[in-house]
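Structure record follows, encoded as structure tokens.
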Amino acid sequence: MARVVHSFDDPERFVAGTVGEPGARTFFLQARAGHRLTSVACEKEQVMALAERLDVMLDEVARRFDRDPVAQTAGDDTAPLEQPIEEEFRAGTMTLAWEADAERVVIEVFAVVTGEQAELEEEDPVTAAMESDDAEVFIVRITEEQARAFARRAVALVASGRPSCPFCGRPIDADGHICPRANGYRRHLPE
1 MARVVHSFDD
11 PERFVAGTVG
21 EPGARTFFLQ
31 ARAGHRLTSV
41 ACEKEQVMAL
51 AERLDVMLDE
61 VARRFDRDPV
71 AQTAGDDTAP
81 LEQPIEEEFR
91 AGTMTLAWEA
101 DAERVVIEVF
111 AVVTGEQAEL
121 EEEDPVTAAM
131 ESDDAEVFIV
141 RITEEQARAF
151 ARRAVALVAS
161 GRPSCPFCGR
171 PIDADGHICP
181 RANGYRRHLP
191 E
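For reference, each letter of the sequence shown is one residue, going 1 to 191 in UniProt numbering.
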């Protein structure tokens, strides 16, 4: 089976978003260019890690090339994910790179691998994902400004979930949660 590549060079929109209520949300990465729309399901932790690494990488690019960080010229994109939201695949390994000649951030998201490739992935996840012939891949090339905007939105998105318990750090549902640090006492949302 041939690899399916969902590639976007300078998409009109590249965002992270969710479907569902806090505590039961599904996270997506979504890119749109013209009439093409691709949505990839991922974990909340993957969205946060991608946002953090984008900021670190762009700070390093600015430092290495002795230039000022890119200023935001457009307002934040707070619109919901575009419809229809059809999951192309579930994200596994992600890679992040800087194309200096084009001044673009390159994000590659590989589908979760199964079978023999999963065994190889335990040893070297990036190589396993890249060598898998049937794994789908989502490739997005974006500007520094788009990357910073993506990171800001992603951080806000992750933070908009359930509040964390000040004692154990676990999320607190609307009806509270059983806090292990409080010896099983059910803690409720603080008012």
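Note that CB positions come from ideal geometry on N, CA and C, so glycine has one too.
A91 is positioned such that its CB atom lies closer than 8 angstroms to that of L29. By the beta-carbon neighbour count (other beta carbons within 10 angstroms, threshold 16), P84 is exposed. Taking the Cβ atoms as the reference, I142 lies roughly 7 angstroms from D10, within the contact range of under 8 angstroms.
The DSSP assignment places no complete run of the beta strand (DSSP E) inside the stretch 54-79 (cut-off: 3 residues). Distance check between A182 and each of C165, A62, D175, A174 places C165 closest, using alpha-carbon atoms only. Minimum Cα-Cα distance from D175 among the listed residues L37, E87, G23 corresponds to G23.
A distance below 8 angstroms separates the beta carbons of V137 and F110. For Q30, the enclosing beta strand (DSSP E) starts and ends at 26-33. DSSP places E87 in the uninterrupted beta strand (DSSP E) bounded by 87-99.
Judged by beta-carbon spacing, A51 lies within the 8 angstroms limit of A151, meaning their Cβ atoms are closer than that value. Boundaries of the beta strand (DSSP E) harbouring V15: 13-19, taken from the DSSP string.
In the three-state reduction of the DSSP assignment, V106 falls in the strand class. At least 8 angstroms separates the beta-carbon of V40 from that of E99.
Under a 10 Å Cβ-count criterion, T114 is classified as exposed, with fewer than 16 other Cβ atoms of the shown protein chains found around its own Cβ. Counting C-beta atoms within 10 angstroms of its own C-beta, I172 has 16 or more neighbours from the protein chains shown and is therefore classed as buried.
Distances from the CA of R104 to each of V140, S160, V47, K44 were compared; the closest alpha carbon is that of V140.
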